[in-house]
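By the count of this note's numbering, the sequence shown reaches residue 674 at its end, each step adding exactly one.
Everything on this sheet refers to the single structure shown next.
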Amino acid sequence: MLTVMQNTAKNIASWARSFSSPWWGGIGCRVAIIMSLAVLVVSVFISAFLLWEGSRSRESEIRSRSLFIGGFFSALAAEEIITGDRRGLDRKLTPAFLSQGNVSRDLLYLRVYDRVGRFLTGSMPRGHNEDRSSAERDLDSDVVSSVEPRFQLVGKGVYDLVMPVVIDDARVGFVKVGISRHGFQQQFGNVTKKAISTGAALLLLGLVLSKVIAAGITRPIAGLSAAVDGLGRQDWKAPVPVRGRDELSRLAHAFNQMAQTLKERETSLSRGNRDLFILHNAGLDLMESLDLEALLGKIAARAEELVKADTTAVTAMDHATRSLQYLGVTGSRAHLLKGLDLPLEAGGIYNWTASYGTPLLIQDAQTDFRLDPDQMRSLGISSLITVPLWSSSTLMAMITVMNKRGGDVFDKQDLRLFTVFANLAGAALQNAFLYTDLKHKINELNSTQQQLVHSTKMAAIGELAANVAHEINNPLTSVLGYTSHLLKTLEIPEESRQKLRIMEQETLRVRKIIRNLLDFSRQRASWMQPGDVVQPLRETVLLLHGAAEGASVRIIEEYPAFPVTVNMDHNEIKQVFINIVNNALHAMRKGGELRVRVDAGRDGETAIVFSDTGNGIPRENLKKIFDPFFSTKGNDDGTGLGLSISYRIVQNHGGRIEVESELGRGSRFRVILPSHEHRAVKE
């Protein structure tokens, strides 16, 4: 039980300390104590003043009563004073004392003196102890010489008044009156009680007011202290209420401004850290991408994450045409922007950005003087940012973001962030361009290497074919001549004659192969001159029209209405066309369709396209069809040199042959030759 009580007492004491400690140690306690002391001092002073004023009032009233009694008696006994009639004076003195009760008696004595201050007579109430000799003593000379009444405190609670008796401006005597303040004590006690009550009331009121004032001071300070603690914990709450125009109100207002500034800076710092993190990740992500398509998608995604862009466009600079070409557009406006032409000479923001070379922020695209308002409204573009990307003082590309998600507009903070991001994206784009160019160069190098290997192989085969043809051609001519002579001169059975005819045909076939070998081996110079490539194409179709009809093949010709000029050897190009058309007819033994088309002026090249609906070429044979002596026609037809010769001719013309084929659906051969103007500029 004792332990429980001790614990309870400890808890109560701890609670009391925790409750009173903040107040007793705070400014409120000090303010309350100081104000309470001030109120106490003021109350004491007021009470003392009231007591002093009451005492002064009492003395004034006693003086007035003394003067009244003295004046009244002087008038009453003036004749007796002049004559010195002591008996008459005693008769007139006695009623004054008999009229006072024993309790409220205030007149102690009344004494009469002649004009020189000698004692004549005097009376005093019973019960008042006083030495008679001292009572009958004459007046002092200084009192006698005084013209004015003399009032003084002569004993404890006794006031003495000596006043001259004047008749017709002549002093005839003196009257001495003794008044006790006992009769005025109750009145003075009432005044004292009022003074003490007033002081106590003022003290109590002052204590209450001091507590209220201290609370009025400490409450805002406590609110500020709590707000400071919350500010230290980054607990952003409502601002401190500001009431009035005093120093605390100004302090609260200053604190609110400081807290708001800190909150804005904290928000700005948090946003800056977020943006820095996004920029860091974006830089790492973009630098990992070398494929242009993948990079464009990442740029759009990062732009949306960083500045909440709705649409992102990347345009590359074409210095030859002085225009911008869209590399990629992503977002809700992509379908509206992809087909637009962007010539720099036409003005607009791209021309502006290219001219000044600095990033551009437009917050109201539908009213800006650099843009077409109708076009911006039709495209639904409200705000945009465009940043130029430079490489060695040369404009490489531009990145543009349009319309901020959520209906907001881009601001200067977005411009700063997007400019940094665009520089990162520009470096990544430059790497992607270099990578793409490097891939193109490697492909060209591989193609050139393959052509070199093929040319070397063809030259070796041609040299071998020339030697073999030369060695075989002489004996073959003899065999062919004797065979023809025997058929003309000998009379032999038909069976033997048929065998001689077979021998003659095969000998002629061998001679044809030898002639093809000789043609293949001869690297004679082409006679190049500008000409319309459609002309040898028409001649080829006309030449093989009969063979096509015999094979039930329909030839469809698609030529432009204007001449397509290329630098060519007319006969060699015609030979190439004949070889390709013959192969197409051979692939369509059961009939079909051959489409011949000319595509002119694309990237400085002219393409002659042959598309058939034949059997097609197996995928594994596509790389072999230009090799010498490779043929898909069987042993009885073809030498396997036609496409090899055609490949060499086109290569000598600075062109190439491309083949696409699918089994059962046909093949497409594209003979690509440099256009005349492009070749002249290149040379």
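Yeah, the Cβ is synthetic: ideal placement off N, Cα and C, and Gly gets one too.
### Query
When the Cα atoms are used, what is the spatial distance from T74 to V145?
30 Å
### Query
Excluding the five sequence neighbours on either side, which residues of its own chain have a C-beta within less than 6 Å of the C-beta of P13, listed in chain order?
With a pLDDT of only 49 at P13, under the threshold of 50, the placement of this residue in the model should not be trusted, and no figure is reported.
### Task
List the whole-angstrom C-beta distance separating F165 from L130, where the pair is believed to meet the contact cut-off of C-beta under 8 Å.
6 Å
### Validate contact between the region 377 to 391 and the region 420 to 435 using beta carbons, cut 8 Å, 3 pairs
yes
### Task
Tell me whether G319 sits in a helix, a strand or coil according to DSSP, three-state version.
strand
#### Entry: Euclidean distance between Cα positions of N93 and I170
Residue confidence for N93 is low, a pLDDT of 45 falling below 50, so the modelled location carries little weight; the figure read from the coordinates is stated next. Spanning the two alpha carbons is a distance of roughly 14 Å.
### Proximal residues to V589 (C-beta, below 8 Å), its chain only, five neighbours per side dropped
V524, V525, L528, E549, Y550, P551, V555, T597, A598, I599, V600
### Query
Considering only C-alpha positions, which residue in the set V298, A292, I158 is nearest to D105?
I158
### Task
Identify which residue in L533, R661, L196, D560 has its Cα closest to the Cα of Q520.
D560
### G348 in three-state terms, based on DSSP
coil
### Query
Cβ of I564 within 8 Å of Cβ of L534?
no
#### Entry: Option in L99, L67, V203, T183 with minimal Cα separation from W43
T183
### Query
Roughly how far, in whole angstroms, is the beta-carbon of L613 from the beta-carbon of S652, given that I think they are within contact range, below 8 Å?
6 Å
### Query
Is DSSP giving Y550 helix, strand or coil here?
coil
### Residues near F660 by beta carbon distance below 7 Å, same chain, minus five either side
I571, F601, I648, V650
### Query
Should the region 291 to 299 be called in touch with the region 256 to 264, which here means at least 3 C-beta pairs below 8 Å?
no
### Query
Using the C-alpha atoms, what's the distance from L152 back to L80?
18 Å
#### Entry: Nonlocal neighbours in the same chain, by C-beta distance under 8 Å from L31, ignoring five residues either side
L194, G197
### Query
Taking just the CA atoms, how far does H644 sit from I290?
43 Å
#### Entry: Contacting residues, own chain, Cβ-Cβ under 8 Å from R82 (five flanking each side not counted)
none
### Task
Measure the alpha-carbon distance for R102 versus K167 and round it to whole angstroms.
5 Å
### Task
Leaving aside the five residues before and after D276 along the sequence, list all residues of the same chain whose C-beta is less than 8 Å from its C-beta, in chain order.
K289, R293
#### Entry: Classification of A300 by the beta-carbon crowding that lies within 10 angstroms, buried from 16 upward
buried
### Task
Quick one: grab the DSSP three-state call for N558.
strand
### Check whether R407 and L370 have beta carbons under 8 Å apart
no
### Message
Excluding the 5 residues flanking W381 on each side, which residues of the same chain have their C-beta closer than 8 Å to its C-beta?
### Response
G348, M387, G417
### Task
Measuring alpha carbon to alpha carbon, tell me which of L415, D365, V298, L281 ends up nearest K430.
L281
### Query
Looking only at DSSP bridge pairs, what is T690 linked to?
Only positions -8 to 674 of the chain appear in this structure, which leaves residue 690 out of reach.
#### Entry: Contacting residues, own chain, Cβ-Cβ under 7 Å from Q316 (five flanking each side not counted)
T306, A307, D309
### Query
If you compare alpha carbons, which of I187, H244, R500 is closest to I212?
H244
### Task
Would you kindly report the start and end of the unbroken alpha helix (DSSP H) that includes I640?
633 to 643
### Query
Where does L375 land, buried or exposed, given buried means 16+ other C-beta within 10 angstroms?
buried
### Task
Taking A307 as part of the beta strand (DSSP E), name the residues at either end of that continuous run.
300 to 309
### Task
Grab the span of the alpha helix (DSSP H) containing Q143 for me, first residue to last.
Looking at the DSSP string, Q143 is not in any alpha helix (DSSP H); the run it does join, the beta strand (DSSP E), is 141 to 146.
### Query
What are the start and end residues of the beta strand (DSSP E) that includes I158?
149 to 158
### Coarse secondary structure for A356, derived from DSSP in three states
coil
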